[in-house]
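Residue numbers (the working numbering), protein chains in the order written: chain L, 1493 to 1978; chain G, 214 to 751.
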């Protein structure tokens, strides 16, 4: 069982993906059942695994293709942090997507690639070697593209081109970094301590920079973030996937892996590359916020907000104090929960009320109360208002920055908090307090509203019960105390 | 799961549950009737005098509830005041616009307000403070008028600024202390001037320390009367407990507080709206309390704050009472106002006189004199308030549900300080009766009344409520325009009226557009990577 479970979890997304491709366009019920069943089964398996891993079990699947070439799936605590998030959000996004599209065109293609994306993300989370990681990372890049261009209009196609023109060079750079490193050390497994002494410090620094360059594209580090706002042309479930479930998270997760499981914090400190990375993350945080403030479309504002928020994860990882790492890791989950809520709601506003621009949001709150409450909770979390999850992140990152001897980070957090307030509060003000056009039709849609309400409640719960052992914070603490700073 | 006494936790959770109940469809229309129920467990906790620590490891970052003497005193006062205001609201807010929303936020604000007095760890304190600060916004804007929305906007901007400063201050403190426990953070803050200043700004917003006071005179007239009462009586005390729990002794707070005390009173004289005058009066009284805190005098400061909460609550409630009373009822109403006003002014033998007597001991002589003299300005501003209030129209016979809470608070303001006097100050029971104590509180009142006669004959010219906020608003509007203009211009809505504005925005925009044209630069990135690799390998 312990050897099979990771593979089984991968299959719960991969098998529905493959079958869905071959389903007839109008077999809605079968397709929906298949996808939902896969998501539920996956979540159940992961919940089982969470308990076991918390108790200390390690799950490992080794697939040998050729001598010296193998795929390693390994579930450690860090994998599970990402895996649980993506599986939970996949289920909700599937529910949302089914209601969102109802009977639109090309749905077999959509859901097929959608599941494939999630399978790739699962693979990224479970990868035990750099090469396995890279394979799934590439699969993610390629399987996301059909989703971005799903609408097949000019805007989507342009967004797709932009996405590929960023993502493919990024992957190439990542591959160069991996080959360079492994040419000196041999195959790298994350779980095993591997001395990188065979390389000079300058080379190691360059390799680190290449890793960051390659992974930074997906993590939307400034100046590699240009594709993300453009990708807003895609339908709302895809935005949820890009911003919360899979893509940007894969980049941030990869950077965490590189710092902690490839180089190790000792070496990162010795090379002195942590500080520049923290600074780059800080620049991204502020830049993303400033750009968000300048947007007039809801989804664009949210997109730039993602640019800013994902870098919290990288900031925490780069600072490398225990509190900072916990703050960064836990934000992987917190940002996912909060941002997917916001995108779900933005999608509802667009689909059910025809609102895309911020200035048209007036008076929508009283007319769509559940959606708007969820949106407000998500926005409050992004600002860092308690008891939403976001404030836990900020508190931990701030304390961690002081521990790590980088008090300037606290100023970055302050600036980001104020900027977040400046670009989210006016939205909430419009939603709840300004009069609007009462004639706009509002069609209720439980399939859209329920996922948004669930993620909003989860973001609230993650903050309110952060002290619980199985909260995201509890799990992040477990990762750090067990694996990185015992 | 929960260690220690459960009543403090119940006091916080119960109002939250009521808030949820209020939002359920069957209750929505009658939600206001739930308001008096919210403080019941808190009243029980205050009455029973719960001691000891409540620890809930799963909640937040391991929530610890434990009130010190000052916290417990203000906790009790807060419960009483919200209870009185809740009963008053039964009649006053019978026909409010959105009862469920109001009741929900009322309960949330109340829970936060209690929370700040019992919190003993950083996360619980921060969460409670945010709840009381931000949820109160909904109470301020409950009427939905343009005036209320503007007041709310200013309130919210300052509240968010306060939140940000509080978070930073707490982060710096917790980082320095290596602990989340408030007493340890406080101890660590002694050597952290930056954190101390941040916290002073955070709590200064709440207590209305000049120049952070501008929200008070705007928010109080805008809010419905029961909300104004709890705003001035209890919510601003969240700042007081913040100072007590976290800010180490800071000498310059004494002059800052005293300046606030006098400026608040003088600015109050420029107002005509009774609740705006009371808002300035609160600024003034909180200035005195801050001065006591600056001198390291937490006990008397809390004692003073307790008295002020009850008395100011009565004064605000009386505004609605007077408006609902004609004929002889009007005289009863105005009598209640006068009673509470005398107590705040510190007429000998009232609670206010006791509060001042208790505090002076620890102050330096010049500051003690200033506190004595402030009795004159307080008398002046409250006399002016009475004159303005008496001019307001009134009709009918007030409901008992309006009269009883107001009168009860006014009497409590006079009696409770006597009841607590010895246990709290340690001074002899007859100290307030000494001739020099009586004289030092009597002459400022007389002086104040004399000046009032002059002011009544020649009123001071009017200054818009919120004074300096007018300039700030204008500046912010210009800055916002400067910053956002590029976005508007690009969408073709504005044709560059002032080309020099918006430079920062243009730079960001252009840089971003360059980045977006990165089709070619992906290749460049790969080439650069190969170049790095090549040079270093070779």
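Just so it is clear, CB atoms sit at the ideal spot from N, CA and C, and this is done for glycine as well.
Do the CB positions of residue i and residue j come within less than 9 Å of each other?
i: residue 1572 of chain L; j: residue 1541 of chain L; result: yes
i: residue 220 of chain G; j: residue 285 of chain G; result: no
i: residue 304 of chain G; j: residue 236 of chain G; result: no
i: residue 1950 of chain L; j: residue 1580 of chain L; result: yes
i: residue 274 of chain G; j: residue 1958 of chain L; result: yes
i: residue 1878 of chain L; j: residue 1955 of chain L; result: yes
i: residue 1946 of chain L; j: residue 1575 of chain L; result: no
At 8 Å on the CB atoms, spell out the chain G contacts of residue i, in chain order.
i: residue 1956 of chain L; result: 272, 273
i: residue 1959 of chain L; result: 269, 270, 271, 272, 273, 274, 275, 276
Bridge partners of residue i, per DSSP?
i: residue 269 of chain G; result: G:276
i: residue 1437 of chain L; result: Examination of residue 1437 of chain L is not possible in this model, given that chain L is present from 1493 through 1978 alone.
i: residue 216 of chain G; result: G:268
i: residue 1849 of chain L; result: L:1789
i: residue 1561 of chain L; result: L:1558
i: residue 1621 of chain L; result: L:1681
i: residue 648 of chain G; result: Beta-bridge pairing links residue 648 of chain G to no other residue.
i: residue 394 of chain G; result: G:334
Which chain L residues sit within Cβ distance under 9 Å of residue i?
i: residue 360 of chain G; result: Per Cβ cutoff of 9 Å: no residues; residue 360 of chain G is ~13 Å from chain L at best.
i: residue 388 of chain G; result: 1815, 1890, 1891, 1892, 1893, 1894, 1895, 1899, 1902
Could you name the residues of chain G that residue i contacts, counting a contact when the two beta carbons are closer than 9 Å?
i: residue 1550 of chain L; result: The contacting residues do not exist; residue 1550 of chain L stays about 27 Å from chain G at best.
i: residue 1876 of chain L; result: 376, 377, 380
i: residue 1925 of chain L; result: 354, 357, 362, 365
How long is the line joining the alpha carbons of residue i and residue j, rounded to whole angstroms?
i: residue 1766 of chain L; j: residue 1718 of chain L; result: 24 Å
i: residue 445 of chain G; j: residue 1702 of chain L; result: 58 Å
i: residue 1850 of chain L; j: residue 330 of chain G; result: 39 Å
i: residue 1546 of chain L; j: residue 1919 of chain L; result: 41 Å
i: residue 1763 of chain L; j: residue 1845 of chain L; result: 53 Å
i: residue 659 of chain G; j: residue 491 of chain G; result: 20 Å
i: residue 400 of chain G; j: residue 390 of chain G; result: 8 Å
i: residue 1497 of chain L; j: residue 407 of chain G; result: 52 Å
i: residue 1627 of chain L; j: residue 1868 of chain L; result: 38 Å
i: residue 573 of chain G; j: residue 598 of chain G; result: 26 Å
i: residue 346 of chain G; j: residue 1870 of chain L; result: 19 Å
i: residue 1713 of chain L; j: residue 558 of chain G; result: 60 Å
i: residue 581 of chain G; j: residue 506 of chain G; result: 13 Å
i: residue 1504 of chain L; j: residue 1820 of chain L; result: 29 Å
i: residue 714 of chain G; j: residue 258 of chain G; result: With a pLDDT of only 39 at residue 714 of chain G, under the threshold of 50, the placement of this residue in the model should not be trusted; the figure read from the coordinates follows. Cα to Cα, the separation comes out at about 58 Å.
i: residue 615 of chain G; j: residue 527 of chain G; result: 11 Å
i: residue 539 of chain G; j: residue 230 of chain G; result: 39 Å
i: residue 1552 of chain L; j: residue 1911 of chain L; result: 44 Å
i: residue 708 of chain G; j: residue 1508 of chain L; result: Bear in mind that the predicted position of residue 708 of chain G carries a pLDDT of just 48, short of 50, making it unreliable; the figure below should be weighed with that in mind. If I take the Cα positions, the gap works out to 54 Å.
i: residue 333 of chain G; j: residue 1774 of chain L; result: 32 Å
Which residues of chain L have a Cβ atom closer than 7 Å to the Cβ of residue i, listed in chain order?
i: residue 526 of chain G; result: Those do not exist, as residue 526 of chain G stays about 27 Å from chain L at its closest Cβ, beyond 7 Å.
i: residue 340 of chain G; result: 1878, 1879
i: residue 292 of chain G; result: The contacting residues do not exist; residue 292 of chain G stays about 22 Å from chain L at best.
Along chain L, which residues have their Cβ under 8 Å away from the Cβ of residue i?
i: residue 355 of chain G; result: Those do not exist, as residue 355 of chain G stays about 11 Å from chain L at its closest Cβ, beyond 8 Å.
i: residue 369 of chain G; result: 1917
i: residue 313 of chain G; result: Per Cβ cutoff of 8 Å: no residues; residue 313 of chain G is ~10 Å from chain L at best.
Less than 9 Å between CB atoms is the rule here; does residue i satisfy it with respect to chain C?
i: residue 1647 of chain L; result: The structure shown has no chain C; the protein chains it does contain are L and G.
Answer yes or no: the CB of residue i versus the heavy atoms of the ligand ATP, is any distance below 8 Å?
i: residue 1735 of chain L; result: Because no ligand of any kind appears in the structure shown, any question about the ligand ATP cannot be addressed here.
Flag this pair as touching only if the region 571-589 of chain G and the region 668-686 of chain G have three or more C-beta atom pairs under 8 Å; answer yes or no. Verdict: no, contact absent.
Does the count of Cβ pairs from the region 1956-1970 of chain L and the region 1614-1634 of chain L closer than 8 Å reach three? Judged by Cβ distances under 8 Å, the region 1956-1970 of chain L makes no contact with the region 1614-1634 of chain L, as fewer than three pairs qualify.
On the three-pair Cβ rule with 8 Å, is the region 1585-1604 of chain L touching the region 1512-1529 of chain L? These segments touch.
Using 8 Å as the threshold, is the region 542-556 of chain G in touch with the region 507-518 of chain G, meaning 3 or more CB pairs across them? The count of Cβ pairs closer than 8 Å, one atom from the region 542-556 of chain G and one from the region 507-518 of chain G, stays below three, leaving the stretches out of contact.
Examine the Cβ distances between the region 1526-1535 of chain L and the region 1639-1655 of chain L and report whether three or more of them are shorter than 8 Å. No, they do not touch.
Quick check: the region 1648-1657 of chain L against the region 1709-1725 of chain L, are there 3 or more CB pairs under 8 Å? The way I'd put it, the region 1648-1657 of chain L does touch the region 1709-1725 of chain L; three or more beta-carbon pairs between them come closer than 8 Å.
Is it true that the region 480-498 of chain G meets the region 459-472 of chain G, where meeting means three or more beta-carbon pairs spaced less than 8 Å apart? Touching, no, given that fewer than three Cβ pairs across the two stretches are closer than 8 Å.
Stretch pair the region 236-251 of chain G + the region 317-336 of chain G: three plus CB contacts closer than 8 Å: Taking a contact to require three or more Cβ pairs closer than 8 Å, the region 236-251 of chain G and the region 317-336 of chain G qualify as touching.
Assess contact between the region 450-462 of chain G and the region 530-539 of chain G, defined as three or more Cβ pairs (one per stretch) separated by less than 8 Å. Is contact present? Contact fails: fewer than three Cβ-Cβ distances are below 8 Å.
Spell out a yes or no on whether the region 378-388 of chain G and the region 354-364 of chain G are touching, meaning 3 or more CB-CB pairs, one atom from each, closer than 8 Å. Using a Cβ-Cβ distance cut-off of 8 Å, the region 378-388 of chain G and the region 354-364 of chain G are not in contact, since fewer than three pairs of beta carbons, one from each stretch, lie closer than that value.
Cβ contact check for the region 1725-1739 of chain L and the region 1666-1675 of chain L: 3 or more pairs under 8 Å: Remark: fewer than three beta-carbon pairs, one from each stretch, lie closer than 8 Å, so the region 1725-1739 of chain L and the region 1666-1675 of chain L are not flagged as touching.
Should the region 430-446 of chain G be called in touch with the region 292-304 of chain G, which here means at least 3 C-beta pairs below 8 Å? At 8 Å Cβ cutoff, the stretches touch.
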